[in-house]
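**Q** Mind looking over this structure? Questions follow.
Residue numbers (the working numbering): 2 to 325.
Written out as structure tokens, the structure is:
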């Protein structure tokens, strides 16, 4: 496996294909692979690092059956249940993150598709965040399989990015989710783009997928032109079908990150949920291709403290991303 020639191809604007990506994952020396991915990251995005935070805006009453999710009504997990977040709680979280210098803030809802009346309420909150803040905080949304009119409502309220994870490969997806399809997600992406929203989409690893599934997900995201890619590591939740999923090794995570950087040289690859499960390799991830970070708590699991994350970013020589 000639890592150097593949790196030079990517640096010159070329692409690697599926078989080359699989060979990199399986055959490349880990240190050499991570170093090459880091060189690609530095070439295309420099030392810019993008940060975001999320808040659970509708919890525990989702009709869908995603096998990893604590918020599905199909499973008994003990997660909190509420229809929509209190406005003041959302404002406090958003403006607090803005004061820390976090770049983006998203409200995330547990729902197949957030109802129109609730989207209207969310839009009121987004407008207040914008009017009460400094204007530096970019607003994002993750509200399920919305139609075009609701996407337009979000855009008119100042939202710039819509998050809709593909989660895994098209092949593996039906073994994890029965109540909606891969094509439902791709259609949602299309509506978001039609409304003028940029796409944030990635997935979860550690759900029993193969290396091929991880590569195929990355290739589908490339096909869709996604430039903000969250990578989550499964945090098994008691009561869900994946509660006994085996943990990933740090090397497995690093190889995934590095090969995805070869596939997505210009993207902001975002370390999202599950970082605490591989705490020993987090810093190395940012010298292996990662260049974005979800800070604070996740939807139903705790995350590292924001202060610690921001200190780590500074110590590693990264600078805040200020580009949309």
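Where a beta carbon is used, it is the ideal one built from N, C-alpha and C, also for glycine.
(1) DSSP state of residue 231, grouped into three classes?
(2) Determine the DSSP secondary structure at residue 217, reduced to helix, strand or coil.
(3) Using only alpha-carbon positions, find the residue among 262, 283, 244 that is nearest to residue 251.
(4) Just verifying my parser: in three-state terms, what is the DSSP assignment at residue 4?
(5) Short of 7 Å in beta carbon distance, which residues of its chain neighbour residue 40, apart from the five on each side in sequence? Order them along the chain.
(6) Would you decide whether residue 175 is buried or exposed? Buried here means 16 or more other CB atoms lie within 10 Å of its CB.
(7) What does the Cβ neighbour count give for residue 83, buried or exposed, with the cut at 16 atoms within 10 Å?
(8) So what does DSSP say about residue 11, is it helix, strand or coil?
(9) Return helix, strand or coil for residue 165, following the three-state DSSP convention.
(10) Just to confirm the assignment: which complete beta strand (DSSP E) runs, minimum length 3, are found wholly within the segment 257-303?
(11) Going by DSSP in three states, residue 199 sits in which element: helix, strand or coil?
(12) Have a look at residue 53 and residue 100 and give me their C-alpha separation to the nearest angstrom.
(13) Should residue 294 and residue 314 be called a contact, given that it needs their Cβ atoms to be closer than 9 Å?
(14) For residue 317, does the count of other Cβ atoms within 10 angstroms reach 16, so buried, or fall short, so exposed?
(15) Thinking just about the alpha-carbon of each residue, which of 22, 56, 5, 50 is nearest to the one in residue 274?
(16) Assign residue 72 to buried or exposed, taking buried as 16 or more other Cβ atoms, counted over all protein chains shown, within 10 Å of its Cβ.
(17) So which of 203, 167, 206, 111 has the shortest CA-CA distance to residue 187?
(18) Assuming residue 229 and residue 271 are in contact, meaning their beta carbons sit under 8 Å apart, how far apart are those beta carbons, in whole angstroms?
(19) Hey, residue 164 and residue 199 are a contact pair by Cβ (cut 8 Å); roughly how many whole angstroms apart?
(20) Give me, in chain order, the residues of the same chain whose beta-carbon lies closer than 7 Å to that of residue 246; leave out the 5 immediate sequence neighbours on both sides.
(21) Take the Cβ of residue 18 as the centre, count every other Cβ of all protein chains shown within 10 Å, and call the residue buried at 16 or more, exposed below.
(22) Considering residue 204, what are the terminal residues of the beta strand (DSSP E) in which it resides?
(23) By the three-class DSSP mapping on this structure, what secondary structure does residue 176 have?
(24) Can you say whether residue 135 is buried or exposed, counting buried as having 16 or more other CB atoms within 10 angstroms of its CB?
(25) Classify residue 81: buried if its beta carbon has 16 or more other beta carbons within 10 angstroms, exposed otherwise.
(26) Kindly identify the DSSP beta-bridge partner or partners of residue 320.
**A** Result, derived from the coordinates:
(1) strand
(2) helix
(3) 283
(4) helix
(5) When the five nearest sequence neighbours on each side are left out, the beta carbons in the same chain lying within less than 7 Å of the beta carbon of residue 40 are those of 8, in order along the chain.
(6) exposed
(7) exposed
(8) In the structure shown, residue 11 sits in a helix (DSSP, three-state: H, G or I).
(9) coil
(10) 269-272, 293-295
(11) strand
(12) C-alpha separation (whole angstroms): 13 Å.
(13) In contact: residue 294 and residue 314 (Cβ atoms closer than 9 Å).
(14) Under this definition residue 317 is an exposed residue.
(15) It is 56.
(16) So residue 72 ends up on the buried side.
(17) 167
(18) 7 Å
(19) Between residue 199 and residue 164 the Cβ distance is about 10 Å, and since that is not below 8 Å, they are no contact.
(20) 207, 208, 209, 235, 237
(21) exposed
(22) 204-206
(23) Helix at residue 176.
(24) Residue environment: residue 135 is assigned as exposed (fewer than 16 neighbouring CB atoms within 10 Å of its CB, all protein chains considered).
(25) Looking at its Cβ environment, which holds fewer than 16 other Cβ atoms inside 10 Å, residue 81 is exposed.
(26) According to DSSP, residue 320 bridges with 49.
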